[in-house]
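In my numbering, the protein residues as written are 1 to 332.
Even for Gly, the Cβ is constructed at its ideal location relative to N, Cα and C.
Input: a single structure, listed below in structure tokens.
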Amino acid sequence: MRIATYNVEWFNSLFDDAGHLINNDSWSSRWNVTKAQQTAGLGAVFGAMDADAVMIIEAPDTSPRRSSMKALEVFAEHFGLRAREAITGFTNHTQQEIALLYDPDVMTAAHDPRGDETVPPFNTEIRMDVDLDAHPDPIRWSKPPLEVAVTTASGPLRLIGVHAKSKAPHGARDDTEATRMSIQNRRKQLAQCIWLRKRVLQHLEANDDLIVLGDFNDGPGLDEYEKLFGRSGIEIVLGEDDTARMFDPHARMVLGRRVGAMPATARFKRKGEPFLQALLDYIMVSPGLHAKQPAWQIWHPFDHPACYENILLREALLLASDHFPVVLDIDL
């Protein structure tokens, strides 16, 4: 079975309010890319992946006028994808939903949020003292994780789709404000990861087969502010207890490493400067799934040999999004 996560930059802009593709030469929300170019690129990437399920980060908007599920199913039908049914969870106000597009012939999937007094549902809030002033602060997800109960021919599987808080100081007016905002955002991102880790532990203690996947806006050694807090959000979610640890090989490659080759899942254009690459997207698996020896791939157009050698796919990946798919092949 192939399971992937893919952050699609401004997927929402490719659809009208009726959920139909705007497949023309007007500009997309991506720089210097038309809607037709981005749509064709996405169709080529999704078709080449041929995944059984894709956790889509920044999926089309759900609102009183729009439906993420309808838009994604229209997209899947247009390109003849096997993964053709969509589900979403708790909606948000950012026009960037978390959604699962899956093949109903090989699995069933349902939004199945969990929550109790110790680990509340992700659409509520949790209180943590993130600024060490002895007063717990309310922490909320701007994009609540999507908890999915999956059933395959070999049994149940849990998926949690994640889009954690961005640490970038958007809107900062000067360097001082940028520093303050960066530290504040990192505190919120770490608090979200602690909350998520609590849910992960509940599943591990129940011996559930679990996959946590998506965009964490974080990684070991990604920025200088990590030194203030001692660890990254990724390390928190993966866990530090050998008996209850999730696994992702790309995170493991960079843990403790500050120089040398690094995997990357995103490539951002900066005006007048070289591209910036970062490892932001992960697929973490529970111990039982790790024992099945799954294979991970990052479909980076320049780092993945097959993607680079296939010129059409390489160009499609560059047109489709500023993130690249992370793909997991596992025998279920």
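Within 10 angstroms of its Cβ, does residue i collect 16 or more other Cβ (buried), or is it exposed?
i      : result
PRO301 : buried
TRP195 : buried
GLN293 : exposed
ASP241 : exposed
GLU205 : exposed
THR151 : exposed
HIS203 : buried
ASP17  : exposed
ASP105 : exposed
Just to check my reading of the structure: residue i and residue j have Cβ atoms closer than 8 Å, yes? What is that Cβ distance to the nearest angstrom?
i      : j      : result
SER286 : ASP215 : Not really, about 20 Å apart at Cβ, beyond 8 Å.
VAL327 : ARG2   : 6 Å
ARG267 : ASP322 : 6 Å
ASN92  : LYS143 : 5 Å
TRP141 : GLN189 : Their Cβ separation, rounded to whole angstroms, is 11 Å, which puts TRP141 and GLN189 out of contact at 8 Å.
ASP329 : ALA291 : The pair is not a contact, with the Cβ atoms about 15 Å apart (cut-off 8 Å).
ASP129 : ASP137 : 7 Å
Could you check where the beta strand (DSSP E) with residue i kicks off and where it finishes?
i      : result
ARG314 : Here ARG314 belongs to no beta strand (DSSP E); instead the alpha helix (DSSP H) covers 311-320.
PRO138 : 137-140
VAL212 : 210-215
ARG267 : 266-270
GLN96  : Here GLN96 belongs to no beta strand (DSSP E), and DSSP marks it neither H nor E.
LEU146 : 146-152
TRP296 : 295-298
HIS163 : 155-163
HIS304 : Segment: none, HIS304 is in no beta strand (DSSP E) and carries neither H nor E.
Excluding the 5 residues flanking residue i on each side, which residues of the same chain have their C-beta closer than 6 Å to its C-beta?
i      : result
LEU228 : Note on LEU228: pLDDT 48, under 50, position unreliable in the model; the coordinate value appears next. If we look at LEU228 and ignore the five residues flanking it on each side, it has no Cβ neighbours.
ALA316 : GLY41, ALA44, VAL45
VAL395 : This structure cannot speak to residue 395, because the chain is shown only from 1 to 332.
GLN96  : GLU58
Please report the residue range of the alpha helix (DSSP H) in which residue i lies.
i      : result
PHE75  : 68-79
GLN37  : 35-49
ILE236 : 233-238
HIS290 : 287-290
ALA206 : No alpha helix (DSSP H) holds ALA206; DSSP gives it neither H nor E.
HIS250 : 249-254
Can you find the residues in the same chain that come closer than 8 Å, C-beta to C-beta, to residue i, ignoring five residues on each side of it along the sequence?
i      : result
ASP303 : PRO263, ALA264
MET69  : THR62, ALA86, ILE87, THR88, ALA99
THR34  : ASN24, ASP25, SER26, TRP27, SER28
GLU309 : none
ASP52  : MET1, ARG2, ILE3, ARG82, ALA83, TYR102, ASP103, VAL106, MET107
ARG114 : PRO121, GLU147, ARG199, GLN202
PRO154 : Position check: residue 154 holds Ser in this sequence, whereas Pro was assumed. These residues qualify, in order along the chain: LEU332.
Using C-beta distances below 7 Å, list every residue in its chain close to residue i, excluding the 5 sequence neighbours before and after it, in chain order.
i      : result
CYS307 : TRP299, HIS300, PRO301, LEU313, ARG314, LEU317
GLU77  : ARG84
ARG30  : GLU9, TRP10, GLN38
GLU73  : ARG84, GLU85, ALA86
So with Cβ pairs under 9 Å, would you call residue i a contact of chain C?
i      : result
GLU315 : Checking the listed chains, one finds no chain C in this structure; it contains a single protein chain.
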